[in-house]
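The numbering used here applies: residue 24 is where the sequence shown begins, and numbers increase by one.
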Amino acid sequence: MAECWKNKRSCLKLASELNNEKKKLRSKLRAEQALDRQKLYQQIIDNPNTQLFYRLINRGRNNNRTTTNCLKINGEYMFLPEEQRKGFAQYYEDLSIPKEEQYDCNYLNLCKIRQSCIQEALQECTDIPELFTESEIEKAIDCLNTKKSPDEYGLSAEHLKNAKEIVTPALKSIFNNILLYRKVPTSFKSGILTPVLKKDKDPTELGNYRGITVTPVTGKTFEYSFLTKLNLESKTDLQFGFTKGLSPIIASLIISEARYEEKKGSENFFINILDVKSAFDVVQHYILLDKMLNQDIHPVYWKILTELYNDLTSKVKWLDGISTPFNIKQGVRQGGILSTHLYKVFVQDLLVELEENALGYHLGNVYAGTPTCADDIAFISNNENELQIMLNVLSRYANEHHYAIHPMKTQIIDCSKTKSNYKWNLCGNEINTAESGVHLGIIRAEKNECQINIQERIQIARRTKYALMGSGVHGTNGLDPPTSYNIYKTYVVPRLIYGLEVLPMTKANIEQLEKFHRKNLRHIQSLPERTSNAAVLLLIGALPIEAEIHKRCLSLLLSLLNCRNDKIHQILYRQVTTNFDNNKSFFTRIMDILEMYGLPSITQLQKNTPKKEHWKNTIKIKVDKFWNEKTLADVENKSSLTFLNTSNLEPNKPHHVWNVKQLPRFELRKAIIKARVMTGTYILQADKYKFTFYNVEATCQLCCSGNEDVIHFLTTCPILSTTREKYFSEIREIITYEITAEKWNNVFKNKTAISQLIVDCTKYKEVLNNSNKLVNIIENKTRNLIFQLHMNRLKILEKNNE
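The structure is reproduced here in C-alpha cells:
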C-alpha cells in the first residue's frame with residue numbers, strides 16, 4: 024500500500040514538473056510572438072506597403088483556407104484535381120482564342136498583309152540596332168519587384184538582385200543574341216497561371232476565377248531592358264494610366280473641373296463610363312503589332328515584339344499540380360512588363376480620333392472629352408447628339424479592333440439641371456442612364472456627388488479599421504496608442520480621403536469626416552466621447568482630416584506643375600486665369616489653401632517649381648505648424664484641460680502619457696486612467712454635480728469633508744492618504760535629490776502645483792533640469808500613483824454601496 028502511494032506521489036510530482044515545463048514553453052512562445060509582432064509593427068511604421076498590411080490583417084484571422092471540392096465543367100461536377108486542372112486549362116485556352124467571326128475582319132486582313140510585307144523586307148535587312156549594356160541590365164534588375172512568387176524554374180527577383188554582378192554579363196550576352204539573331208527563347212514566353220476566386224462568387228463556376236500569371240523572371244528582366252529601347256510615347260495627352268509623372272487622380276480632376284465649371288442654367292453635362300469586356304485579354308496580336316509599326320522604333324525591335332507574341336504558352340497551377348501547356352493567341356501577356364505600355368498603344372488611336380474631330384467637352388478652348396486611365400475610359404460632353412456620335416465612333420473602333428464594350432455595364436450619368444429624354448445606344452443596344460457610377464474609384468453622381476463619395480469613403484475606412492482590430496489596433500488591451508495610430512494613419516486615413524481632393528466639399532462634408540476621424544482617435548486612446556476634440560488630437564499627435572486633405576491637394580498641385588503633359592498645363596493656365604472666381608474649381612480652392620499656409624502662389628510655383636522632397640517637407644512644416652497652433656488655441660478655452668501641459672507638445676508626436684511602448688501591457692491601463700484625469704474626463708463628485716444640474720452633491724463620498732475635484736482626489740482626501748504617501752514620497756525623494764529640497768519647497772508650495780506635477784509633469788521640465796530621463800521616471804511613478812488612488816477609491820465606494 025505504501026509503495027502505491029509512493030508511486031502515486033512520484034507520478035503527481037512528474038505531472039507537476041511537466042505542467043511547469045509547459046507553462047515555461049508557453050511563456051517563451053508568447054514572448055517570441057510578442058517580439059515578432061513588435062518587429063512587424065516597426066516594419067509597418069518604417070516602410071508601409073500593401074504586403075505588410077495584409078500580413079497584419081491575417082494575424083487576427085483564422086488562416087485555415089479551404090478549397091472547393093468540386094467544379095462545374097460543361098454542366099458536370101468534377102471532383103478529381105486532374106480533371107479540374109484540365110477544365111481550367113480548356114477554359115483559359117478558349118478565352119485566348121480570337122473570335123474573328125464576331126467582328127469586321129477587313130481591318131485585320133489589312134494588318135496581316137502589311138505585316139507580311141514587313142516580314143519579307145526584314146529578311147534582307149542587315150542593320151543591327153543598339154545593343155544592351157551592362158548598366159541597362161543592372162537597372163532592369165533593380166526594377167524587379169521582390170517578395171513575389173518564384174517562376175516555373177524556381178527563380179525569383181531576389182536571385183538576380185543578390186547575384187547581380189555574376190548574372191549581368193550572362194544576361195547581356197543572351198539579350199544581345201536575341202537582337203542579333205532576332206529570336207526570343209521559348210522559356211521567356213511561358214507562364215504559370217493560378218486561378219483565384221473573385222470576391223463573393225460561386226466557387227464551382229470556372230468563370231468566377233481570375234487568372235494570375237507568373238512569368239519567368241529572366242523574361243521580365245529582358246522586357247524592362249527592352250522597354251528603354253522602345254521609348255514609347257503616347258499620341259494623346261488624355262491617357263493617364265501607367266505613365267510616369269501622371270496619376271489616375273488627374274483624369275478624375277479633369278472630369279470634376281468640367282462638371283463644376285460655371286455654366287448657364289440650361290447647359291447640359293453628361294458623363295459616359297465605359298466598360299470593356301476583358302480589355303487586356305482580348306487584344307488582337309496582329310492589330311497590336313500593326314500599331315507598333317506606326318511607332319518610331321527600329322525595325323528589328325518590332326521583329327523582337329512579334330517573336331515575343333509568337334507561340335505564347337501557359338499552364339494552370341491548381342491543387343499542387345500543373346496542367347499541360349496551352350497556347351495564348353490573343354491578349355497582352357499577363358505579368359508582362361511591356362503589356363500595359365502596349366495596351367495604351369492599342370487603344371490610343373480612339374482617343375486621338377475623337378480629339379482630332381473635337382468630339383467631347385471643352386474647358387474653354389481646351390479639349391477634355393476623353394479622360395482615360397488604361398482601359399477605364401470616360402466620355403464627357405454637354406450635347407446629347409455629340410455623345411451619341413462619340414459612341415458610334417467607339418462602336419466602329421471596337422468592331423474593327425475586335426473587342427467588345429459591355430452595353431449593360433456601360434453607364435451614362437445625366438448631370439444636367441434639366442434631365443434629357445435622349446435614348447443613347449451602343450452597337451444597337453440601349454445604354455442605361457444611371458443616377459451614379461464609379462470611375463477610377465470615385466463615384467460620379469447626378470446630384471449630391473460629394474455626400475455620396477464621403478459616405479462610401481467612410482464605409483471603406485470603417486471596414487479597413489475593423490480588419491485591423493484583430494491585430495490589436497484598438498484601445499484597452501490592444502497595442503499602445505502611438506503604434507495603433509501609426510498603423511491607422513498609414514492604412515485607414517488614405518482610404519478615408521482617397522479622391523476627395525478633386526471634389527468641392529463643403530464644411531458640412533468635412534465635418535462628417537472629422538467626426539469619424541476623431542471617433543477612431545478616441546477609440547485608439549480609450550478616451551470617452553465627451554473628451555475635448557483638441558485633447559484627442561494633441562495627446563496622440565494627430566492632425567484633423569481637413570489638414571490631411573490639404574496635404575493631398577498640395578501634392579496634387581506639384582504633380583500638375585511637374586508633369587510633362589501639355590493638356591494639363593493648358594487646363595491649369597485656363598482655370599487660373601479665367602475661372603479663378605469659381606469656388607468649386609480645384610484651382611480656386613488650392614489658391615485659398617496656398618494663402619492659408621503662407622505658401623507661394625501658383626504663378627510663383629510655375630516660375631520656380633520646387634523638387635518633390637523639398638515641397639513635401641515644406642508643406643509638412645507649414646501644415647503641421649498651422650493646425651498645431653490652431654489646436655493649442657482651442658485648449659486655452661477649455662476649463663477641463665487645465666492640467667494638460669501644451670507648451671512642450673510637438674506636431675506629429677504623442678504626449679508623454681503614451682510612452683508605454685516597451686512596458687508591460689498593464690501599464691497601458693494605468694496610462695489610460697491618467698489620460699482621462701489629464702483631459703478632465705475622469706468623473707469625480709464635482710463633475711457629477713455639474714453634469715446633473717446640481718441634483719447631486721459635490722461632496723467627496725469617501726471623506727465627506729470637501730468637494731471632490733482633481734486636487735482633492737490627488738492631494739487632500741484623508742481616506743486615500745496612506746496610498747498617496749506610500750507612492751508620492753518616493754516621487755518627492757527622487758526630485759529633491761535632483762533639484763534640492765529648497766527648490767522643491769519654492770516650486771511645489773501649493774496643492775495645485777503638486778496636482779500639476781502628478782497629472783502632467785512635463786510642465787516642470789525646466790525645473791527638472793530638462794532631463795528626459797528624469798521626466799520618464801516621474802511619468803512612470805505618477806502613472807502608478809494615480810492608478811493606485813483610482814483602484815482604492817473604487818474599492819471604498821463599492822464597499823460603501825454594499
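Here a beta-carbon is modelled for each residue, glycine too, at the ideal position from N, C-alpha and C.
Complete runs of the alpha helix (DSSP H) confined to the segment 382-458 [at least 4 residues]: 407-423
Using the C-alpha atoms, what's the distance from residue 563 back to residue 810? The residue labelled residue 810 in the question sits at position 787 within the sequence shown. The residue labelled residue 563 in the question sits at position 540 within the sequence shown. If you take the alpha carbons of residue 810 and residue 563, they lie about 21 Å apart.
Locate the beta strand (DSSP E) running through residue 338, then write down its first and last residues. Counting from one through the sequence shown, the residue named residue 338 turns up at place 315. Here the beta strand (DSSP E) through residue 338 covers 335-341.
Can you give me the Cβ contacts of residue 269 inside the same chain, cut-off strictly under 6 Å, excluding the 5 residues immediately before and after it? Walking along the sequence shown from the start, residue 269 turns up at place 246. Around residue 269: 263, 586.
8 Å Cβ cutoff met for residue 393 and residue 410: Counting from 1 along the sequence shown, the entry for residue 393 is found at position 370. Counting from 1 along the sequence shown, the entry for residue 410 is found at position 387. Contact flag unset, no.
What do you reckon, are the CB atoms on residue 608 and residue 390 nearer than 8 Å? One-based indexing of the sequence shown puts residue 608 at position 585. One-based indexing of the sequence shown puts residue 390 at position 367. Cβ atoms of residue 608 and residue 390: not closer than 8 Å.
Who are the Cβ neighbours of residue 271 in its own chain at under 8 Å, not counting the five residues just before and after it? Numbered from 1 along the sequence shown, position 248 holds the residue referred to as residue 271. Closer than 8 Å at the Cβ level, and outside the excluded window around residue 271, lie 263, 264, 396, 399, 463, 464.
Evaluate contact between the segment 502-510 and the segment 548-566, counting only Cβ atoms and requiring at least three cross-stretch pairs below 8 Å. yes
Determine the contact status of residue 131 and residue 425, defining contact as a CB-CB distance below 8 Å. Taking the first residue of the sequence shown as 1, we reach residue 131 at position 108. Taking the first residue of the sequence shown as 1, we reach residue 425 at position 402. Yes, the Cβ-Cβ distance between residue 131 and residue 425 is below 8 Å.
On the CB-based measure, 16 or more other CB atoms within 10 Å of its CB, does residue 120 come out buried or exposed? To locate residue 120, count along the sequence shown from 1; it is residue 97. Result: exposed.
Below 8 Å CB to CB, which residues in the same chain sit around residue 137 once its five sequence neighbours on both sides are set aside? Residue 137 sits at position 114 when you count from the first residue of the sequence shown. If we look at residue 137 and ignore the five residues flanking it on each side, its Cβ neighbours are 313, 316.
Does the Cβ-Cβ distance between residue 16 and residue 174 come in under 8 Å? Since the first and last residues shown for the chain are 24 and 825, residue 16 lies out of range.
For the beta strand (DSSP E) that residue 295 lies in, which residues bound it at each end? Within the sequence shown, numbered from 1, the residue matching residue 295 stands at position 272. It spans 293-296 - the beta strand (DSSP E) in which residue 295 sits, taken as one unbroken run.
Among 635, 290, 183, 324, which has the Cα closest to the Cα of residue 200? What you label residue 200 is simply residue 177 of the sequence shown in a count that begins at 1. That would be 324, whose Cα lies nearest to the Cα of residue 200.
Just how far apart, CA to CA, sit residue 225 and residue 105? In the sequence shown, the residue the question calls residue 225 occupies position 202. In the sequence shown, the residue the question calls residue 105 occupies position 82. Residue 225 and residue 105: Cα-Cα distance of roughly 20 Å.
Stretch-stretch touch, CB-based, cutoff 8 Å, three pairs: the segment 797-811 with the segment 674-691: yes
Which stretch, first to last residue, makes up the alpha helix (DSSP H) that contains residue 101? By 1-based counting over the sequence shown, the position of residue 101 is 78. Not the alpha helix (DSSP H): residue 101 falls in the beta strand (DSSP E), residues 99-101.
For residue 262, which three-state DSSP category applies? Locating residue 262 in the sequence shown gives position 239, where the first residue counts as 1. Residue 262 falls in the strand class under three-state DSSP.
Using a Cβ-Cβ cutoff of less than 7 Å, which residues in the same chain neighbour residue 110 once the five nearest sequence positions on both sides are dropped? Position 87 of the sequence shown holds residue 110. Excluding residues within five positions, the ones whose Cβ falls inside 7 Å are 94, 96, 101, 229.
Is it the case that the Cβ atoms of residue 148 and residue 322 are separated by a distance below 8 Å? Here residue 148 refers to the residue found at position 125 when the sequence shown is read from its first residue. Here residue 322 refers to the residue found at position 299 when the sequence shown is read from its first residue. Yes.
Would you decide whether residue 603 is buried or exposed? Buried here means 16 or more other CB atoms lie within 10 Å of its CB. As a first step, residue 603 must be located in the sequence shown, where it is residue number 580. Residue 603 should be labelled exposed.
Whether or not the segment 579-599 and the segment 694-705 are in contact is what I'm after, with contact meaning three or more pairs of Cβ atoms, one per stretch, closer than 8 Å; do they touch? no
Going straight from the alpha carbon of residue 458 to that of residue 413, what length do you get? By 1-based counting over the sequence shown, the position of residue 458 is 435. By 1-based counting over the sequence shown, the position of residue 413 is 390. Roughly 21 Å separates the two Cα atoms.
How about the segment 294-313 and the segment 484-492: do they share at least three Cβ pairs that are nearer than 8 Å? no
Boundaries (first-last residue) of the alpha helix (DSSP H) holding residue 247: If you number the sequence shown from 1, residue 247 lands on position 224. Element bounds for residue 247: 240-253.
Under the three-state reduction of DSSP, which class applies to residue 664: helix, strand or coil? Start at 1 with the first residue of the sequence shown, and residue 664 comes out as number 641. Three-state result, residue 664: helix.
For residue 341, which residues of its own chain have a beta-carbon under 8 Å away from its beta-carbon, when the five flanking residues on both sides are left out? Looking up residue 341 in the sequence shown gives position 318. Hits under 8 Å: 104, 107, 108, 111, 217, 218.
Local conformation of residue 234 per DSSP, three classes: Counting from 1 along the sequence shown, the entry for residue 234 is found at position 211. Strand at residue 234.
Alpha carbon to alpha carbon, what distance is there between residue 568 and residue 830? The displayed coordinates of the chain run from 24 to 825. Any statement about residue 830 would go beyond what the structure contains.
Run of the beta strand (DSSP E) containing residue 603, from where it starts to where it stops: For this step, residue 603 is matched to residue 580 along the sequence shown. Where residue 603 is concerned, there is no enclosing beta strand (DSSP E), given that its DSSP letter is neither H nor E.
Consult DSSP for residue 722 and reduce its assignment to one of helix, strand or coil. In the sequence shown, counting from the first residue as 1, residue 722 sits at position 699. Of the three classes helix, strand and coil, the one that applies to residue 722 here is strand, per DSSP.
Range covered by the beta strand (DSSP E) that runs through residue 215: Numbered from 1 along the sequence shown, position 192 holds the residue referred to as residue 215. 215-220 is the extent of the beta strand (DSSP E) around residue 215.
How far does the alpha helix (DSSP H) with residue 533 in it reach, from first residue to last? Here residue 533 corresponds to residue number 510 of the sequence shown, with the count starting at 1. Residue 533 -> alpha helix (DSSP H) spans 530-548.
List in chain order: all unbroken alpha helix (DSSP H) runs of 4+ residues lying wholly within the segment 131-200. 157-166, 180-185
Considering only the alpha carbon of each residue, which of 780, 721, 481 lies closest to residue 737? As a working mapping, residue 737 is identified with position 714 in the sequence shown. Looking at the Cα atoms, 780 is the closest of the given residues.
Nearest by alpha-carbon distance to residue 690: which of 302, 503, 253, 719 is it? As a working note, residue 690 is residue 667 in the sequence shown. Of the listed residues, the one whose Cα sits closest to residue 690 is 503.
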